[in-house]
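Q: Quick note: the sequence shown uses this note's numbering, first residue 311, plus one each step. All residues carry an ideal CB built from backbone N, CA and C; glycine is no exception. Structure in structure tokens, see below.
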Amino acid sequence: MIEEMIVPGKEPEVQYHVQIYIPEQSPPPEGFPVIYVLDGHMYFGYGADTIRNQAGNAPKTGIEPAIVVGVALHAENAVVREHRFYDFTPPAAVYKYPDRFKGVTMSKHGGADTFLDWLAEELQPRIMDSYPIQQEKQCLYGHSLGGLFTLYSMYKRPEAFQCYLAISPSIWWNEKHIHSFVNDAKDAKLFIGVGKEEGFMVEDAHAFYHRLLSIMEERAVCYVAEGENHASVVPTTMSRAFRYFFQ
């Protein structure tokens with residue numbers, strides 16, 4: 311079953327379209343695990359289908375029944391694309407754009423704290439009050455800029471989720487500013503996935519992962535998907551990423 315709601319953001323006139331997939335199975339006594347999927351307008355369907363199609367045979371698939379929550383700005387696609395640079399990028403005193411932007415600048419960025427506060431303080435409590443959630447088994451999934459936000463969330467609010475799935479994270483953003491936040495992420499688990507055909511993003515993912523090894527040890531995994539690019543890496547790695555969450 312899929313339910314939908316429009317939830318006001320923390321800023322005036324900002325609203326989010328939230329989609330919730332609820333498994334057909336009866337919830338266990340402790341409640342369902344929950345996976346929050348950023349860019350829900352693009353990836354909620356993938357996430358819901360991954361659970362729906364595989365959770366019925368969890369011993370073989372490694373995918374358990376879970377609630378999937380897709381989150382996206384409630385707006386036209388062009389506005390959503392631009393707003394991602396605000397919601398998903400960490401605040402910084404100075405922003406430097408890569409040469410490939412060719413002088414183009416983003417009109418608004420650095421709103422990750424505001425979006426994360428909304429996610430943790432407003433959306434998560436609403437979901438927990440409305441559905442049978444296992445509060446100690448929650449996961450955040452993000453791709454590209456959403457993957458950058460996922461990494462930032464792990465450091466900024468490590469208690470909000472127990473597992474972080476960052477696919478093709480935009481580590482390049484603002485001259486790899488995300489490296490300045492690296493610290494002990496407590497007991498969180500991290501999965502970094504990237505497509506082999508993504509060029510410098512593969513190197514960025516490897517470098518970030520190796521920097522984390524001394525801190526997270528076996529709680530961090532980096533997977534490079536052979537033959538996959540920045541778009542195809544999402545559907546081809548989602549099952550693997552979700553399995554890591556359920557382990």
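Hey, could you find the ends of the beta strand (DSSP E) H453 is sitting in?
A: In the sequence shown, the residue the question calls residue 453 occupies position 143. Taken as a continuous stretch (DSSP letters only), the beta strand (DSSP E) holding H453 covers I443 to H453.
Q: What does a CB cutoff of less than 6 Å around K412 pick up in its chain, not counting 5 residues either side in sequence?
A: Along the sequence shown, read from residue 1 onward, the residue named residue 412 stands at position 102. Confidence in K412 is poor, its pLDDT being 48 and thus under 50, which makes the residue's placement too unreliable to answer from.
Q: Check each candidate in G421, K447, D439 and V324 and name the one with the smallest Cα separation from F459.
A: Position 149 of the sequence shown holds residue 459. Minimum Cα distance to F459 is reached at G421.
Q: Alpha carbon to alpha carbon, how far is Y439 from F510?
A: For this step, residue 439 is matched to residue 129 along the sequence shown. For this step, residue 510 is matched to residue 200 along the sequence shown. A quick correction: the sequence has Asp, not Tyr, at residue 439. Rounded to whole angstroms, D439 to F510 spans 42 Å at the Cα level.
Q: Rounded to a whole number of angstroms, what is the C-alpha to C-alpha distance between I477 and R467?
A: Within the sequence shown, the letter at position 167 stands for residue 477. Within the sequence shown, the letter at position 157 stands for residue 467. So the alpha carbons of these two residues sit roughly 19 Å apart.
Q: Does DSSP put I364 in a helix, in a strand, or in coil?
A: If you number the sequence shown from 1, residue 364 lands on position 54. In the sequence under discussion, the amino acid at residue 364 is Gln, which differs from the Ile named in the question. DSSP places Q364 in helix when its eight states are reduced to three.
Q: What is the C-beta distance between V531 and V512, in whole angstroms, given that I count them as a contact (C-beta under 8 Å)?
A: Within the sequence shown, numbered from 1, the residue matching residue 531 stands at position 221. Within the sequence shown, numbered from 1, the residue matching residue 512 stands at position 202. That belief does not hold up - the Cβ atoms of V531 and V512 are roughly 15 Å apart, past 8 Å.
Q: For L383 and G505, what's the separation of their Cα atoms in angstroms?
A: Walking along the sequence shown from the start, residue 383 turns up at place 73. Walking along the sequence shown from the start, residue 505 turns up at place 195. Distance between the alpha carbons of L383 and G505 is about 26 Å.
Q: Alpha carbon to alpha carbon, what distance is there between M464 and G452?
A: Taking the sequence shown and counting its residues from 1, one reaches residue 452 at position 142. Taking the sequence shown and counting its residues from 1, one reaches residue 464 at position 154. Those two C-alpha atoms are separated by around 12 Å.
Q: On the CB-based measure, 16 or more other CB atoms within 10 Å of its CB, does H393 come out buried or exposed?
A: The residue you call residue 393 lines up with position 83 of the sequence shown. Buried, since its Cβ has 16 or more Cβ neighbours within 10 Å.
Q: Do the CB positions of A490 and L455 come within less than 8 Å of each other?
A: Residue mapping note: residue 490 aligns to position 180 of the sequence shown, counting from 1. Residue mapping note: residue 455 aligns to position 145 of the sequence shown, counting from 1. It should be noted that the sequence gives Ser, not Ala, for residue 490. Their beta carbons are not under 8 Å apart, which means S490 does not touch L455 by this criterion.
Q: Apply the 10 Å Cβ neighbour rule to P375 and answer buried if 16 or more other Cβ atoms are within range, or exposed otherwise.
A: To locate residue 375, count along the sequence shown from 1; it is residue 65. So P375 counts as buried.
Q: Out of curiosity, what's the CA-to-CA distance linking V324 and K370?
A: Counting from one through the sequence shown, the residue named residue 324 turns up at place 14. Counting from one through the sequence shown, the residue named residue 370 turns up at place 60. Using only the alpha carbons, I get a separation of about 42 Å.
Q: Under 8 Å by Cβ, that's how I've got Y356 and V544 pegged, so tell me the actual separation to the nearest angstrom.
A: The residue labelled residue 356 in the question sits at position 46 within the sequence shown. The residue labelled residue 544 in the question sits at position 234 within the sequence shown. Right, the Cβ-Cβ distance comes to about 6 Å (below 8 Å), so this counts as a contact.
Q: Decide if E397 is buried, meaning its Cβ has at least 16 other Cβ atoms within 10 Å, or exposed.
A: Numbered from its first residue, the sequence shown carries residue 397 at position 87. It should be noted that the sequence gives Asp, not Glu, for residue 397. So D397 counts as buried.
Q: With which residues is V504 paired in a DSSP beta bridge?
A: Indexing the sequence shown from 1 puts residue 504 at position 194. BP columns for V504 point to V534.
Q: Measure from the alpha carbon of Q329 to the alpha carbon of each residue in Y441, A365 and Y474, then state which is nearest.
A: As a position in the sequence shown, residue 329 is number 19, starting the count at 1. Answer by Cα proximity: Y441.
Q: Can you give the Cα-Cα distance for N493 and I525, rounded to whole angstroms?
A: Here residue 493 refers to the residue found at position 183 of the sequence shown. Here residue 525 refers to the residue found at position 215 of the sequence shown. The straight-line gap from Cα to Cα measures roughly 7 Å.
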